[in-house]
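Novice: Going down the list, the protein sequences come from chains Y and D. When we follow numbering that gives the first Met the number 0, the leftmost residue of the first sequence carries the number 0, and every step to the right adds one. When we follow numbering that gives the first Met the number 0, the leftmost residue of the second sequence carries the number 0, and every step to the right adds one.
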Amino acid sequence: MIGPGRASVLVSLWLLLSCEALAQQPVPALSVVRPAGERVTWRGISPDEMAGSQGAMFYPAPSALGFLAAILTHAAIAQGSREAERKARQQVADKVLEPYATVIADMVPARLLDAALGKLELKVRAADTATAVDGGWIIEMQPIFSLAPDQRTIVLDNAMKLYAAGQGDAPLFANIVRVVSVPRPEGGPDAAMTSEALLDESVQMLAHSIEVVVHHATRGAQSADVPKTQRYRFGDGEKMERGVPFASGCNRVVLRTLRDWLMSVPVRSEEGPGCAAGYRIAVSPATAAAAAATGN
Amino acid sequence: MVRSFAAACLVVAALLLQGCAGPRQQPVSLPADYFATKTDRIAVAMVALPKPDTEFPGAGCLLCLAAASAANRQVTVAVQAWPIDDVRPLKSEVAALLKAKSQQAIEVAEPVEIDKIKDRSNAELGFARKDFSSLGTSAGAGRVLVIHVAALGAWRNYSAYIPNGPPVAVFKAQAYIVNLSNHKYEWYQEFDLTQAAEGAWDEPPKFPGLTNAYFQLIERGKDSIKKAIAP
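(1) Only counting the same chain, and skipping five residues up and downstream in sequence, which positions put a Cβ closer than 7 Å to that of residue 217 of chain D?
(2) DSSP state of residue 106 of chain Y, grouped into three classes?
(3) For the structure I just gave you, are there three or more beta carbon pairs, one from the stretch 43-62 of chain D and one from the stretch 148-156 of chain D, closer than 8 Å?
(4) With a threshold of 8 Å between beta carbons, is residue 193 of chain Y in contact with chain D?
(5) Is there a C-beta anywhere in chain D that falls below 8 Å from the one on residue 240 of chain Y?
(6) Residue 101 of chain D: which of D:190, D:200, D:148 and D:37 sits nearest, CA to CA?
(7) Just the chain Y side, please: which residues come within less than 8 Å of residue 114 of chain D by C-beta, in chain order?
(8) Strictly below 9 Å CB to CB, what residues from chain Y border residue 215 of chain D?
(9) Is the stretch 64-81 of chain D touching the stretch 129-148 of chain D, taking contact as three or more C-beta pairs under 8 Å?
(10) Okay, do the stretch 137-145 of chain Y and the stretch 29-40 of chain Y touch, 3+ Cβ pairs below 8 Å being the bar?
(11) What is the residue span of the alpha helix (DSSP H) that residue 224 of chain D lies within?
(12) Name, please, each residue of chain Y whose Cβ falls closer than 8 Å to the Cβ of residue 218 of chain D.
(13) Is there a Cβ of chain D sitting closer than 8 Å to that of residue 305 of chain Y, yes or no?
(14) Cα separation between residue 34 of chain D and residue 177 of chain D?
(15) Is residue 220 of chain D near residue 183 of chain D, with beta carbons less than 8 Å apart?
(16) Would you mind reading off the limits of the alpha helix (DSSP H) that contains residue 102 of chain D?
(17) What are the boundary residues of the beta strand (DSSP E) that residue 239 of chain Y is part of?
(18) Just confirm the distance between the C-beta atoms of residue 105 of chain D and residue 23 of chain D, as a whole number of angstroms; I'd bet it's less than 8 Å.
(19) Between the alpha carbons of residue 199 of chain D and residue 244 of chain Y, how many angstroms are there, rounded?
(20) Expressed to the nearest angstrom, what Euclidean distance is found between the alpha-carbon atoms of residue 208 of chain Y and residue 155 of chain Y?
(21) Jot down the residue ranges of each uninterrupted beta strand (DSSP E) in the stretch 95-155 of chain Y, minimum 3 residues, whole runs only, in chain order.
(22) Would you mind listing the alpha helix (DSSP H) stretches within the stretch 48-78 of chain D that are 4+ residues and don't spill past its ends, in chain order?
(23) Contact check, residue 267 of chain Y vs residue 232 of chain Y under 8 Å by CB: the rounded distance?
(24) Hey, does residue 59 of chain Y have any beta-carbon neighbour from chain D nearer than 8 Å?
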């Protein structure tokens, strides 16, 4: 015997799941254009960047006559000074990459993509140019990897464009897809980042970025998009990002940020379902929560 | 004659300015065994939250302030639209922390209108300036923990007409425990946090980088207050 209250909950859940299923469109034939270049870009993450702080400049108050000159001088000096400071900081931060110089030097973008496609459950073809693709969806990308100062976390910022063949001027997505790796365990046997681990993680993260952008393009419009400040793991600590979570899986949440980036971040195990594979996304958190509430 | 008049003016101005700047309450640390030794009821109150806004410290003269306000008009519009909903759960979260420390914590349901609470006469440093007795009476408590978020929004430092850098999100708060039998602070701490936008900040009209920094800072601010109570 099902009471009217429970029946309405079940009907709502069925409608919710139906809407999800309807919204999730099938993926057309998918081709990924091999990124150009001879070497994948890597950079170190500076401590300032980790803390989210920026330097400030101090100027004496200008006289009334020197007002305009002061503003112009300030703009020029500030820009030049900050750029010089930024370059100096980046050079220091890049020292974290020195132990991995050999593997990074051998990391050719096209080869990395071919390895990533092998990790995907989606059927994806690689193409050398977009013009060589005769239909379906096309992805173009330019990945940049960053390594945290403690060498435990990798961040991929992949500039991606997804569009239907022949409609490159009306892309389904054209922005950054950021993937943050799970921090390597501290003190355990897998604690130290090795060149092999760096390469393997890079391949998985690149594959995951493709999965994320395709998932986002096929999910369609959702009515229950509620922004939240998502906490996520970063080294020993925690970072936050404001956005709309739209998928989860493998102790990971994928959200659309305020800049309309897509961001896949690792969360603590109690916040999402875990799995053996490193990077996999499942249903939206709303659907997962609804299913969990009914024990399905 | 003119010199002595100018000197007199300076003295008067100095006295007036001194009168404006009252002595500042110094932090009162929370003893490690505080919650083990105190067993009476404690009310948990939060002062009505401020509306997020911009400020331009250092733009001292009227014309400087007008120029800074005009130059940052778009960011001010965005900041004034920032929601404060994420701050509100802090009171319940603090009450839950106290209960986890075996305290009889009672939440004061309504936000405290701090300006409507009467000042205590001859309040000294180390004692609350406001008379919080009514909060304790309604909750049947001998102590009150007050969370006062005084400023939210984005501030941009200026040197007269010139910005010293980009605007940063700000979270300024005080949290304190007042013994209602004598209004002495049993704990007093200020929280003055800022957060810069990641990457570019000048992204009108929504300023997503700075807005993200604001929400990050709210979480950091709440964490800081909770960690001060339960390290």
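In this text, a Cβ means the ideal position worked out from N, Cα and C, and glycines have one as well. Please read all numbers here as calculations on a predicted model, not as lab measurements.
Specialist: According to the structure data:
(1) Only 85, 86 and 170 meet the Cβ criterion.
(2) It is coil, neither helix nor strand.
(3) yes
(4) no
(5) yes
(6) Ranked by Cα distance from residue 101 of chain D, the first of D:190, D:200, D:148 and D:37 is D:37.
(7) Per Cβ cutoff of 8 Å: no residues; residue 114 of chain D is ~30 Å from chain Y at best.
(8) 51, 228, 238, 239, 240 and 241
(9) no
(10) yes
(11) 207-228
(12) 228, 230 and 239
(13) Residue numbering for chain Y in the displayed model covers 0 to 295; residue 305 of chain Y lies beyond these limits and cannot be assessed.
(14) Cα to Cα, residue 34 of chain D sits roughly 14 Å from residue 177 of chain D.
(15) no
(16) Looking at the DSSP string, residue 102 of chain D is not in any alpha helix (DSSP H), and its letter there is neither H nor E.
(17) 236-247
(18) Contact flag wrong, Cβ pair sits at about 30 Å.
(19) 23 Å
(20) Rounded to the nearest whole angstrom, the C-alpha separation of residue 208 of chain Y and residue 155 of chain Y is 8 Å.
(21) 123-126 and 136-146
(22) For the stretch 48-78 of chain D, whole alpha helix (DSSP H) runs of length 4 or above, ordered along the chain, are 61-70.
(23) Between residue 232 of chain Y and residue 267 of chain Y the Cβ distance is about 7 Å, and since that is below 8 Å, they are a contact.
(24) For residue 59 of chain Y, the predicted structure reports a pLDDT of 36, less than 50, and the residue's modelled location is therefore unreliable. A value from the coordinates is still provided. Taking Cβ atoms only, chain D reaches closer than 8 Å to residue 59 of chain Y, which makes this a yes.
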